[in-house]
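What follows is a short report on a single structure.
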Amino acid sequence: MRQPHLSSVVERRLLVNYRVAPDVAARLLPEPLRPQLVHGHAVAGICLLRLGSVRPTWAPKVFGLRSENAAHRIAVEWDGPDGVETGVYITRRDSASRLNVWAGGRVFPGEHGRAGFEVHETPGRSSVAFATRDGDTQVDVTVELSDELHGSELFADLAEASRFFQRGAKGYSPTRSGRHLDGMELHTDAWHVEAGRVRSAASSFFDDPDRFPPGSATLDCALVMRNVPANWRPLTTMATNRDAQRAK
7 MRQPHLSSVV
17 ERRLLVNYRV
27 APDVAARLLP
37 EPLRPQLVHG
47 HAVAGICLLR
57 LGSVRPTWAP
67 KVFGLRSENA
77 AHRIAVEWDG
87 PDGVETGVYI
97 TRRDSASRLN
107 VWAGGRVFPG
117 EHGRAGFEVH
127 ETPGRSSVAF
137 ATRDGDTQVD
147 VTVELSDELH
157 GSELFADLAE
167 ASRFFQRGAK
177 GYSPTRSGRH
187 LDGMELHTDA
197 WHVEAGRVRS
207 AASSFFDDPD
217 RFPPGSATLD
227 CALVMRNVPA
237 NWRPLTTMAT
247 NRDAQRAK
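Every position in the sequence shown, counted from 1, becomes a number in our numbering once 6 is added.
This is the structure in structure tokens:
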């Protein structure tokens, strides 16, 4: 089945970013992916995304749906046919939408787990918490808008951070079969992010000492995207090392 291109509005997107020891990040990645390094650090984080007006590109906006979603991500690179490519590896996707959970991996790329979300927002502040139904992952984050990007060791300023994440528009995530990675690409002609200041952040993923030994994952910065129209394009699946061996 041909997977549709989707239109949407990114009503709110929080990118809460951690700088991570490269060897620790590498252990979480399937081949052929490797960590994309910034000033000697791997970059990982949580994307807390509310999408509105989600629909096939051919459908009127009035038929669009709305949902709260989350993704745990690691910035990656890999060798493509024309050189090194960049994007993100999404260790897991979660959604409050039953439709997203059912359709992910069937109608459009990206298998989703089900999660319950609690959201409190004002014009300058967003608090988003969620817990997955399988009990594996819990997140609770509060971010306030800021005039500048403060305290980051990854990025000198907001412009540098914006360029980095804009270039990482391709996202790949694992499938239950384990034989390949699903891919989806974000495209927008209205890219715009704002600086955020993290007031609190708790993540069972990044706070897990078995996954991230003490000192190997440090909260670095946050970015905020609001009310940006965006399309989502399916990508050709990426073979994992297991697939590559079968193809030889």
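The beta-carbon is built from N, C-alpha and C at its ideal position, and this holds for glycine as well. These numbers were taken from a predicted model, which means no experiment stands behind them.
Counted within 10 angstroms of its Cβ, other Cβ atoms place residue i as buried (16 or more) or exposed
i	result
Ser206	exposed
Val204	buried
Leu39	buried
Asp198	The residue asked about is misnamed: residue 198 is His in this sequence, not Asp. Result: exposed.
His126	exposed
Arg33	exposed
Pro41	buried
Ala228	buried
Ala81	buried
Leu21	buried
Val230	buried
Alpha-carbon spacing of residue i relative to residue j, whole angstroms
i	j	result
Arg99	Ala77	5 Å
Phe69	Leu241	24 Å
Phe114	Val30	30 Å
Pro215	Val15	36 Å
Gly116	Ala236	17 Å
Ser1	Phe161	Absent from the structure is residue 1, since the part of the chain shown begins at 7 and ends at 254.
Ala201	Lys176	22 Å
Asp153	His45	24 Å
His193	Pro87	21 Å
Thr97	Gly157	26 Å
Tyr95	Val49	11 Å
Gln23	Gly51	The residue asked about is misnamed: residue 23 is Asn in this sequence, not Gln. Rounded to whole angstroms, Asn23 to Gly51 spans 4 Å at the Cα level.
Thr243	Thr92	15 Å
Phe218	Arg232	31 Å
Arg25	Thr148	19 Å
Ser132	Trp84	34 Å
Leu155	Pro10	36 Å
Asp256	Pro220	Outside the displayed range of the chain (7 to 254) lies residue 256, so it cannot be described from this structure.
Pro28	Glu166	20 Å
His47	Glu74	30 Å
Asn106	Leu43	32 Å
Nearest-angstrom beta carbon gap, residue j and residue i [assumed within contact, 8 Å]
i	j	result
Thr181	Pro36	About 11 Å; that fails the 8 Å criterion.
Trp238	Leu54	Not confirmed; about 17 Å, so no contact.
Gly119	Thr138	5 Å
Ala304	Glu124	With the chain covering only 7 through 254, there is no way to say anything about residue 304.
Ala102	Gly122	7 Å
Arg18	Arg56	5 Å
Arg72	Gly58	5 Å
Any non-hydrogen atom of the ligand SAM closer than 7 Å to residue i Cβ
i	result
Leu21	Of the ligands one can find in the structure shown there are none, so the ligand SAM has no counterpart to examine.
### Task
Say whether the segment 179-191 touches the segment 151-171, bearing in mind that this needs 3 or more beta-carbon pairs closer than 8 Å, one atom from each stretch.
No, because fewer than three Cβ pairs between the segment 179-191 and the segment 151-171 fall closer than 8 Å, the two stretches do not touch.
### Query
Mind pulling the alpha helix (DSSP H) runs of 4 or more residues that sit fully within the segment 11-43?
28-32
### Query
When the Cβ atoms of the segment 58-65 are set against those of the segment 192-211, are three or more pairs found closer than 8 Å?
no
### Message
When you compare the segment 215-224 with the segment 131-145, are there three or more beta-carbon pairs, one atom per stretch, that lie closer than 8 Å?
### Response
no
### Query
If you scan the segment 50-123 from start to end, which runs of the beta strand (DSSP E) of 3 or more residues do you find wholly inside it?
Within the segment 50-123, the complete beta strand (DSSP E) runs of at least 3 residues are 71-86 and 89-101.
### Task
Could you name each continuous alpha helix (DSSP H) segment of 4 residues or more that falls completely within the segment 158-231, going from the start of the chain to the end?
164-173
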